[in-house]
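A.B. asks: Following this message is one structure expressed as structure tokens.
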Amino acid sequence: MIRIHRRFVLMVTCIGLLLAACQPASALPTGVDAPAAARAGTPPSPATAAASATHTATPTPPPARGGAIVIGGLSRADTFNPLRAESEASRALAPLLYESLLVTDPTSGQLKPGLATRWEVSPDSRTITFVLRGDARWPDGSAVTADDVGATLQAVLDPEMDSLHGARLRTVEAVTDTDTRTVVVHLSTPDCPTVAHLGDVPIVPTAWADRLRVAATTPLTAPVPGSGPYTLDPTSSADEWRLVHNRPAQPAPYLDRVVYRVFDSADAMLAALSEGKIDVAWFPAEAVMPPASSVIPHTYPTGPYLAILFNNDHPILSDGRVRTALSLAIDRPAILKELTDDRGVLLAGPLPPFHWAADPALSPPPYDPQRARDLLAEAGWHDSDGDGWLDRDGERLRLPVRTNGGNAWRETTAMLVVSYYRALGIDARVEIVAWPTLVGDLFTHYFGAVVFGWPLDGEPDQRSLWLSTENTVGSGLNVVSFADTRMDRWLAEAASFPGCGASGRADLYRRIQARLAELRPYDYLLVPTATLMTRANLVGPAPGPYASPFWNAADWYLRVE
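Under the working numbering, the first residue of the sequence shown carries the number 1, and numbering increases by one thereafter.
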């Protein structure tokens with residue numbers, strides 16, 4: 001069971017590392033470097049915005065440079081080693097310290113230039129070429145080179161490193177370079193998702209990559225340098241990371257210092273925010289705070305999404321009519337209102353409507369209890385004895401709905417879903433179990449329906465969840481025993497699409513979404529929300545579902561009152 005649990009946790013964390021989908025080779029014109037200042041989402045200066053308006057406006061001074069902010073959070077940073085970081089805080093803070101080859105659009109999940117100003121994928125989808133920016137620098141002023149990228153990738157590929165990044169790069173066969181700014185990655189098989197996985201690795205200097213490989217499991221006592229806008233002060237601890245301006249970084253961040261401080265409770269963090277002791281409060285879920293003109297809430301969609309997983313081998317749920325009936329039994333807008341006060345996003349499939357590969361033709365199932373009753377009747381379920389419960393061949397329709405305790409989103413969802421099922425005459429009940437128990441039940445396929453979900457991911461590849469080869473009790477992640485030959489084919493084609501063009505891959509993923517909506521192995525419900533609360537004088541935060549909430553912290557600045 002230990003092996004099973006480890007793989008499950010690794011998969012959850014891996015998916016949670018926000019990725020994006022392959023861009024076509026023409027993402028940028030060949031030979032043209034994207035200016036470092038043109039970061040995805042970088043806001044125009046107020047002066048520029050005023051100049052482009054159709055009316056005459058009083059010129060606004062440019063953002064002031066300097067100052068410091070304190071960010072409060074509930075997650076502790078687990079390591080100074082960015083290649084082995086697993087905690088939510090370590091991953092969220094990484095973009096402030098390190099650059100990766102590519103970055104993810106925080107709203108759509110698409111890939112954009114990062115340390116690599118452009119990238120190309122060969123027609124056979126087995127060779128990926130990255131061309132680096134020329135202005136990237138380490139804290140000592142030396143240039144970031146292809147050697148650094150190659151050494152970093154070799155480090156995460158080393159099994160001794162036990163890196164989550166390496167676990168997603170199994171198809172990488174070799175890493176070479178043609179000059180100081182060009183990195184070429186060779187794959188053993190065509191695998192478009194690897195583009196996003198490569199693009200997500202935080203790049204470190206060659207000497208440090210080699211050092212981290214040698215001491216892979218040894219706790220670091222000193223920070224690892226990066227080429228991001230900030231560098232980590234050596235006096236930092238797991239409870240407080242102190243980030244200072246990385247002087248060679250271009251463009252320079254507006255703020256000189258950023259401190260990340262850990263709080264033991266949401267209440268303590270809210271109190272610190274209201275008292276002005278911190279400038280930002282980062283909550284993994286909705287947080288309630290009395291309205292105050294000095295605080296601005298930034299609410300944004302975040303994973304894991306909420307869904308009901310149907311065991312397709314279950315004697316009742318193996319009938320597609322029953323699965324569809326259960327989907328029609330639920331009033332989704334009412335659940336959205338109850339859980340998120342209408343701030344979440346309803347789902348029609350595995351990709352939210354704002355994802356670059358989402359199918360715009362799909363919509364969530366309607367609330368239609370009468371149609372649900374008709375489908376159950378077609379499947380042979382009737383109240384034959386007038387006791388208010390559906391039965392067939394003398395057996396009552398019983399359905400346990402299981403989820404893990406300690407997760408308010410899932411527990412509340414399970415209770416609401418069961419109330420809708422019972423209104424149809426289904427003898428449904430909620431089963432709250434411990435997390436290890438739920439993991440074991442999923443891997444052994446020992447369940448009927450489970451309220452669960454996976455983190456949002458810019459890379460839409462879901463072979464691990466749906467391939468028939470993953471329908472293996474005890475190890476596969478196809479825990480609902482789903483099997484469909486068309487899905488197997490489309491999933492494989494999308495992962496190996498020639499040149500990894502985003503448009504062609506999106507077409508295949510839309511077929512996949514439509515097929516899932518038809519067969520309904522999951523009943524997708526909604527995407528909940530997280531909250532970033534900031535002091536009103538802090539300008540720039542723009543959190544989104546597919547990136548760290550601090551993805552553009554280099555562009556934050558303090559408004560001069």
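Quick reminder that beta carbons are idealized off the backbone N, C-alpha and C, glycines included.
1. Tell me which same chain residues have a C-beta within less than 8 angstroms of the C-beta of Arg515, skipping the five on either side of it?
2. Can you tell me which of Ile278, Phe497, Arg213, Ser108 puts its alpha carbon nearest to the alpha carbon of Glu240?
3. Give the straight-line distance between the Cα atoms of Pro229 and Gly199, rounded to the nearest whole angstrom.
4. Along the chain, where does the alpha helix (DSSP H) containing Thr518 start, and where does it finish?
5. Quick one, are the C-beta atoms of Thr340 and Thr206 less than 7 angstroms apart?
6. Okay, do the stretch 310-330 and the stretch 455-467 touch, 3+ Cβ pairs below 8 angstroms being the bar?
7. Please check the pair Tyr98 and Pro82, which I expect to be a contact at CB under 8 angstroms, by giving their CB distance rounded to whole angstroms.
8. Which value, in whole angstroms, describes the spacing of the CA atoms of Ala554 and Val480?
9. Express the C-alpha separation of Phe263 and Ala271 in angstroms, rounding to a whole number.
10. Could you tell me the alpha carbon to alpha carbon distance between Val473 and Leu526, rounded to whole angstroms?
11. Tell me the residue span of the alpha helix (DSSP H) that contains Met415.
12. Who are the near neighbours of His355 in its chain, counting only those whose CB is closer than 6 angstroms to its CB and skipping five residues on each side?
13. Work out the CA separation of Thr107 and Ala358 for me, nearest whole Å.
14. Would you list the one or two residues that DSSP bridges to His245?
15. Can you grab the Cα-Cα spacing for the pair Thr176 / Pro541, in whole Å?
16. According to DSSP, is Leu336 part of a helix, a strand, or is it coil?
17. Could you tell me whether the Cβ atoms of Leu346 and Leu362 are closer together than 7 angstroms?
18. Distance check for Ala92 and Leu102, CA to CA, integer angstroms please.
19. How is the beta strand (DSSP E) around Trp466 delimited, first residue to last?
20. Taking the alpha-carbon of Ala494 as reference, which of Ser163, Pro460, Ile71, Ser475 has the nearest alpha-carbon?
21. Should Glu518 go down as buried or exposed, given a rule of 16 or more other Cβ atoms within 10 Å for buried?
22. Is Val121 closer than 7 angstroms to Gly499 when the C-beta atoms are compared?
23. For Met533, which beta-bridge partners are listed by DSSP?
24. Does DSSP put Asp457 in a helix, a strand or coil?
25. So, under 8 angstroms CB-CB, Thr531 and Pro297 are touching, yes? Tell me the CB distance rounded to an integer number of Å.
26. Could you pull the DSSP bridge partners for Pro63 from this structure?
27. Look at the alpha carbon of Ser293 and the alpha carbon of Ala536, and state the distance between them as a whole number of angstroms.
28. What does the Cβ neighbour count give for Tyr446, buried or exposed, with the cut at 16 atoms within 10 Å?
29. Between which two residues does the beta strand (DSSP E) holding Ala428 run?
30. Relative to the alpha-carbon of Tyr522, which residue among Arg118, Val131, Ala325 has its alpha-carbon at the smallest distance?
31. Taking the DSSP output, what are the residues bridged to Val345?
32. Whole angstroms are fine: how far does the CA of Val280 sit from the CA of Leu309?
33. Quick check on Ala325: does DSSP put it in helix, strand or coil?
34. Would you list the one or two residues that DSSP bridges to Pro202?
35. Could you name the residues of the same chain whose beta carbon sits closer than 6 angstroms to that of Val204, not counting the 5 residues immediately before and after it, in chain order?
36. Quick check on this structure: which residue in Trp208, Leu255, Thr79, Gln250 has the alpha carbon closest to the alpha carbon of Val244?
C.D. replies: Once the coordinates are examined:
1. Reading the sequence shown from its first residue, position 515 is the one you call residue 515. Around Arg515: Asp484, Arg486, Met487, Trp490.
2. As a first step, residue 240 must be located in the sequence shown, where it is residue number 240. Comparing Cα positions, the closest option is Ile278.
3. Mapped onto the sequence shown, residue 229 falls at position 229. Mapped onto the sequence shown, residue 199 falls at position 199. Going by the C-alpha atoms only, they are around 18 angstroms apart.
4. Counted from its first residue, the sequence shown places residue 518 at position 518. Correcting the residue identity first, residue 518 is Glu in this sequence and not Thr. 502-519 is the extent of the alpha helix (DSSP H) around Glu518.
5. Taking the sequence shown and counting its residues from 1, one reaches residue 340 at position 340. Taking the sequence shown and counting its residues from 1, one reaches residue 206 at position 206. No, Cβ-Cβ distance for Thr340 and Thr206 is not below 7 angstroms.
6. no
7. For the purposes of this step, residue 98 is taken as the residue at position 98 of the sequence shown. For the purposes of this step, residue 82 is taken as the residue at position 82 of the sequence shown. 5 angstroms between Cβ atoms; contact.
8. In the sequence shown, counting from the first residue as 1, residue 554 sits at position 554. In the sequence shown, counting from the first residue as 1, residue 480 sits at position 480. Looking at the two C-alpha atoms, the distance is approximately 43 angstroms.
9. Here the question's residue 271 lines up with position 271 in the sequence shown. Here the question's residue 263 lines up with position 263 in the sequence shown. Cα to Cα, Ala271 sits roughly 11 angstroms from Phe263.
10. Sequence index remark: in the sequence shown, residue 473 carries index 473 (1-based). Sequence index remark: in the sequence shown, residue 526 carries index 526 (1-based). In a straight line, the C-alpha of Val473 is about 28 angstroms away from that of Leu526.
11. What you label residue 415 is simply residue 415 of the sequence shown in a count that begins at 1. 408-423 is the span of the alpha helix (DSSP H), which, as asked, contains Met415.
12. Position 355 of the sequence shown, counting from 1, holds the residue named residue 355. Closer than 6 angstroms at Cβ, skipping near neighbours: Gly109.
13. For the purposes of this step, residue 358 is identified with residue 358 of the sequence shown, where counting begins at 1. For the purposes of this step, residue 107 is identified with residue 107 of the sequence shown, where counting begins at 1. Looking at the two C-alpha atoms, the distance is approximately 13 angstroms.
14. Taking the sequence shown and counting its residues from 1, the one referred to as residue 245 is at position 245. Partner(s): Tyr230.
15. The residue given as residue 176 occupies position 176 in the sequence shown. The residue given as residue 541 occupies position 541 in the sequence shown. C-alpha separation (whole angstroms): 38 angstroms.
16. Along the sequence shown, read from residue 1 onward, the residue named residue 336 stands at position 336. Looking at Leu336 - three-state DSSP - the assignment turns out to be helix.
17. Translated into positions along the sequence shown, residue 346 becomes position 346. Translated into positions along the sequence shown, residue 362 becomes position 362. No, these two residues do not count as a Cβ contact at 7 angstroms.
18. As a first step, residue 102 is located in the sequence shown; it is residue number 102 there, counting from the start. As a first step, residue 92 is located in the sequence shown; it is residue number 92 there, counting from the start. Using only the alpha carbons, I get a separation of about 16 angstroms.
19. Residue numbering aside, residue 466 sits at position 466 when the sequence shown is read from its first letter. Careful: Trp466 lies outside any beta strand (DSSP E), inside the alpha helix (DSSP H) at 463-466.
20. Here residue 494 refers to the residue found at position 494 when the sequence shown is read from its first residue. Among Ser163, Pro460, Ile71, Ser475, the Cα nearest to that of Ala494 belongs to Pro460.
21. Here the question's residue 518 lines up with position 518 in the sequence shown. Exposed: under 16 other Cβ atoms inside 10 Å.
22. Against the sequence shown, residue 499 aligns to sequence position 499. Against the sequence shown, residue 121 aligns to sequence position 121. Yes, Cβ-Cβ distance for Gly499 and Val121 is below 7 angstroms.
23. Within the sequence shown, numbered from 1, the residue matching residue 533 stands at position 533. In the DSSP output, where bridge partners are listed per residue, Met533 has Ala281, Pro297.
24. Translated into positions along the sequence shown, residue 457 becomes position 457. Residue state, collapsed to three classes: coil.
25. Counting from one through the sequence shown, the residue named residue 531 turns up at place 531. Counting from one through the sequence shown, the residue named residue 297 turns up at place 297. Right, the Cβ-Cβ distance comes to about 6 angstroms (below 8 angstroms), so this counts as a contact.
26. As a first step, residue 63 must be located in the sequence shown, where it is residue number 63. Note: Pro63 sits in no beta bridge, so no partner.
27. Taking the sequence shown and counting its residues from 1, the one referred to as residue 293 is at position 293. Taking the sequence shown and counting its residues from 1, the one referred to as residue 536 is at position 536. Near 7 angstroms, if we compare the C-alpha coordinates of Ala536 and Ser293.
28. Sequence index remark: in the sequence shown, residue 446 carries index 446 (1-based). Burial call: exposed.
29. As a first step, residue 428 is located in the sequence shown; it is residue number 428 there, counting from the start. 427-433 is the span of the beta strand (DSSP E), which, as asked, contains Ala428.
30. Position 522 of the sequence shown, counted from the start, is the residue given in the question as residue 522. Nearest C-alpha to Tyr522: Ala325.
31. As a working mapping, residue 345 is identified with position 345 in the sequence shown. Note: Val345 sits in a beta bridge opposite Val527.
32. As a working note, residue 309 is residue 309 in the sequence shown. As a working note, residue 280 is residue 280 in the sequence shown. So the alpha carbons of these two residues sit roughly 36 angstroms apart.
33. Here residue 325 refers to the residue found at position 325 of the sequence shown. DSSP places Ala325 in helix when its eight states are reduced to three.
34. In the sequence shown, the residue the question calls residue 202 occupies position 202. Beta-bridge pairing links Pro202 to Ser100.
35. Your numbering for residue 204 matches position 204 in the sequence shown. The answer, listed in chain order, is Thr152, Val224.
36. Working through the sequence shown from its first residue, we reach residue 244 at position 244. When each option's Cα is compared against that of Val244, the closest is Leu255.
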